[in-house]
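Below you'll find the structure, written out as structure tokens, and then a few comments.
Residue numbers (our numbering): 22 to 434.
Following this line, the structure appears as structure tokens:
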């Protein structure tokens, strides 16, 4: 029976060292991609003092990383450990204007003074304001997730040697995941099989839960960042959060304290208590912030479970353009998943409220509420979704969600 809804941490310290070579390569990559064209060596065009200062700053960073590479045996090296900046690249650097966003994330990843724990509010402000640079996104995502690669990667390799009772179910579901994306469109292709291996390993790792529909859409965007699949596994188990003890992990002497925080796992648990809760919070906030829309839904019998379940169980990845999904992940990893999912859900309903209110037919309302139809109204300006969601910070925050959790528990438990 559909439930009747009312109307009305600092970041953990770095657990492993990112290759300094990756960071230096990102600087060079940024330089070459941002420059609209390469200057000829005999060009007489001049640059401003500010641009010149920035170029020198970037080159100084490259030189520092180059020196660090020589003493970092684990880093990816080239030409006997030397990163050579070609003349063309040096020339293109002079075309770059200051990118403080890139500078911030380079400093964040290369935190040699242990200041990352103090960055939480600044990180939130940064990801709200603009996307994490694509060159560094995979490193930043793993770092923000607090994934413990040192423990999770060896565990992943051990789990892959085992069998899972969920394997057939996983195979059936991954064939329906991102069917139009190049990485996953080929049946039993490498993308699909990477998904299979990660989800198989998770189903053994969390044998109480196993596998649930929606999980492939949650894992897919991580693989799209070209994160190695063993690191995707580490990131995913960190996002899912605390799990019950099980004999397999006990035998492998797994340290359960590694992932002790509540994550998104409860959305998928038997009984869907976590899903029921987030739907309750969503419904309450629709009634509170969009009362006309809530009344319209009530009139036509539109329950939140009929349209929002897909949003929450796939982190919007099954129905939104992938570029905005990446931005949702930026925010989720920095600020928290449930808070982000609820803000996004209210933002898109608010943006489309007039369109939904104009629909006087249940079938038409459901057609509008399909995720791909809701984003059409943004006309490709998907960053506006993030701006609108962030704009709800005063109305939807941890304090409000905690109050709704207590209210939910008093009514249903």
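For each residue, glycine too, the CB sits at the ideal point set by N, CA and C.
Neighbour-count burial assignment, residue i, 16 or more Cβ in a 10 Å radius
i: residue 385; result: exposed
i: residue 54; result: Residue placement at residue 54 cannot be trusted, given a pLDDT of 45 that sits under 50; what the coordinates show is reported in the next sentence. Flag for residue 54 reads exposed.
i: residue 164; result: buried
i: residue 241; result: buried
i: residue 183; result: exposed
i: residue 286; result: buried
i: residue 277; result: exposed
i: residue 252; result: buried
i: residue 230; result: buried
i: residue 250; result: buried
i: residue 433; result: exposed
i: residue 189; result: exposed
i: residue 150; result: exposed
i: residue 348; result: buried
i: residue 400; result: exposed
i: residue 186; result: exposed
i: residue 364; result: buried
i: residue 210; result: exposed
Between the CA atoms of residue j and residue i - distance to the nearest angstrom
i: residue 202; j: residue 366; result: 24 angstroms
i: residue 298; j: residue 156; result: 36 angstroms
i: residue 191; j: residue 121; result: 42 angstroms
i: residue 429; j: residue 420; result: 14 angstroms
i: residue 373; j: residue 395; result: 7 angstroms
i: residue 361; j: residue 426; result: 16 angstroms
i: residue 423; j: residue 208; result: 43 angstroms
i: residue 161; j: residue 322; result: 43 angstroms
i: residue 257; j: residue 221; result: 12 angstroms
i: residue 307; j: residue 358; result: 19 angstroms
i: residue 265; j: residue 227; result: 7 angstroms
i: residue 369; j: residue 140; result: 29 angstroms
i: residue 416; j: residue 179; result: 45 angstroms
i: residue 312; j: residue 391; result: 21 angstroms
i: residue 199; j: residue 343; result: 10 angstroms
i: residue 158; j: residue 173; result: 20 angstroms
i: residue 282; j: residue 262; result: 5 angstroms
Local conformation of residue i per DSSP, three classes
i: residue 262; result: strand
i: residue 400; result: coil
i: residue 416; result: coil
i: residue 283; result: strand
i: residue 182; result: coil
i: residue 335; result: coil
i: residue 267; result: coil
i: residue 394; result: helix
i: residue 429; result: helix
i: residue 383; result: helix
i: residue 238; result: helix
i: residue 157; result: coil
i: residue 363; result: helix
i: residue 302; result: helix
i: residue 248; result: coil
i: residue 257; result: helix
i: residue 69; result: Model confidence at residue 69 stands at a pLDDT of 47, short of 50, so the residue's coordinates are unreliable; what they give is reported in the following sentence. Coil at residue 69, not helix or strand.
Residue interval of the alpha helix (DSSP H) (run including residue i)
i: residue 228; result: Here residue 228 belongs to no alpha helix (DSSP H), and DSSP marks it neither H nor E.
i: residue 437; result: Residue 437 lies beyond the stretch modelled for the chain, which goes from 22 to 434, so this question has no answer here.
i: residue 290; result: Careful: residue 290 lies outside any alpha helix (DSSP H) and carries neither H nor E.
i: residue 324; result: Premise fails: residue 324 is in no alpha helix (DSSP H) and is neither H nor E.
i: residue 124; result: 121 to 130
i: residue 350; result: 343 to 356
i: residue 8; result: This structure leaves residue 8 out entirely; the chain is present only between 22 and 434.
i: residue 276; result: Here residue 276 belongs to no alpha helix (DSSP H), and DSSP marks it neither H nor E.
i: residue 377; result: 374 to 378
Beta carbon proximity, residue i to chain C, threshold 8 angstroms
i: residue 163; result: Protein chains in the displayed structure number just one, and chain C is not present.
Proximity test, residue i beta-carbon vs the ligand SAH heavy atom, cut-off 7 angstroms
i: residue 330; result: Within the structure as shown, the ligand SAH is missing, as the structure has no ligands at all.
Point to revise | alpha helix (DSSP H) segments (min. 4 residues) lying fully within the region 160 to 220 | key: You should have 170 to 181, 188 to 195.
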